[in-house]
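Report on the following structure.
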Amino acid sequence: MLIYFYYITKYFIMSINLLKLKFIEPYVYIFYDIYRRKSKRLDFIKLLIFLEIILTIFPILLFYLKNFNIEEYKKNSILLYSFQLYMIINILSIKNKIGLLNILIWKSFKVDFKNASIILINISTKYKLTNFEKLLITQQFKIFTQANNILLIIDKKNSMTTGYSIKLNSSILDFTPENQFKKLTYYLTTNLVI
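So in UniProt numbering, spot 65 of the sequence shown is number 65, and the numbers just go up one at a time.
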C-alpha cells in the first residue's frame, strides 16, 4: 500500500510540474498513448520523468515544441523517437552498460561522414556562428572525414526554425532536432546488440 501511495504521489507531482507548461499537456497524453500501446511493463511515471529530463537537457527541443510554425505531426514524431531513445537508455541501464551510450552516439555520427570526401561544406543556420564555433566545426569534420582541406561557407537563413543543415558537395545531412532523434534511434536500434 505504501509503495502504491508513493507512486501515486510521484505521478501527481510530475504531472503538476509538466502541466504548469500548458503547451506540454497534449504531449504527456501522446506519451501515455505510446506507453499503453508499446509496452505494459514500462512505468508511465518513468516516462514522465524522462520527458522532463529531456526538456531540461535540450532547451532547443522545448523551443521546437512551443513553436507554432512547426506542424503537429512533426512534434509528435520527435516525441516518438524520444520514446524509442528512452527504451534504449532503459535497456542499457538495466544491463548496467550505460557507459556504452556515449560511444554509440559518436559511432552513429561517424557513419554519416566516413565515406565522404569533403572539400566544400555549406552550413545553413538561423543564428550567426562565432569564429570559435567555425574552427570547432572544421576540426570535427576533419576528424570525421580525414580530409586535409575544408572550405566552410556559412549561410544565415531566417526562414529556418531550429537546428541547421549541412551540404557536403551534393549530399545533404539534415541536423534538425527531429532528424537527429530519428537517425540516432535508428542507428542504436539496428546496431545495438547486448
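Backbone N, C-alpha and C fix where the C-beta goes; we use that ideal spot for every residue, glycine too.
Q. Going by other Cβ atoms of all chains shown within 10 Å of its Cβ, with 16 needed for buried, is lysine 75 buried or exposed?
A. By the neighbour-count rule (16 or more Cβ atoms within 10 Å), lysine 75 is buried.
Q | Own chain residues within Cβ distance below 8 Å of lysine 157, not counting five before or after | A | So the qualifying residues of the chain are Ser124, Thr125 and Lys126.
Q: Would you kindly work out how many angstroms separate the C-alpha atoms of phenylalanine 63 and phenylalanine 141, rounded to a whole number?
A: C-alpha separation (whole angstroms): 27 Å.
Q.
My output table needs one value for isoleucine 143: the three-state DSSP class, helix, strand or coil.
A. Of the three classes helix, strand and coil, the one that applies to isoleucine 143 here is helix, per DSSP.
Q: Have a look at leucine 151 and asparagine 96 and give me their C-alpha separation to the nearest angstrom.
A: Taken atom to atom, the span from the alpha-carbon of leucine 151 to that of asparagine 96 is near 43 Å.
Q | Straight-line Cα distance separating isoleucine 154 from isoleucine 121 | A | Each residue's Cα considered, the two are about 8 Å apart.
Q. Among the residues of its own chain, which have a CB less than 7 Å from the CB of lysine 128, if the five just before and after it don't count?
A. Take lysine 128, set aside five residues on each side of it, and the residues of its chain with a beta-carbon closer than 7 Å to its own are Lys156, in chain order.
Q. Within 10 angstroms of its Cβ, does leucine 65 collect 16 or more other Cβ (buried), or is it exposed?
A. Result: buried.
Q | Own chain partners of threonine 138 with C-beta closer than 6 Å, once the 5 adjacent residues on each side are dropped | A | Closer than 6 Å at Cβ, skipping near neighbours: Ile150 and Leu152.
Q. Distance, Cα to Cα, tyrosine 73 vs asparagine 67?
A. Straight through space, the alpha carbons of asparagine 67 and tyrosine 73 are spaced by roughly 13 Å.
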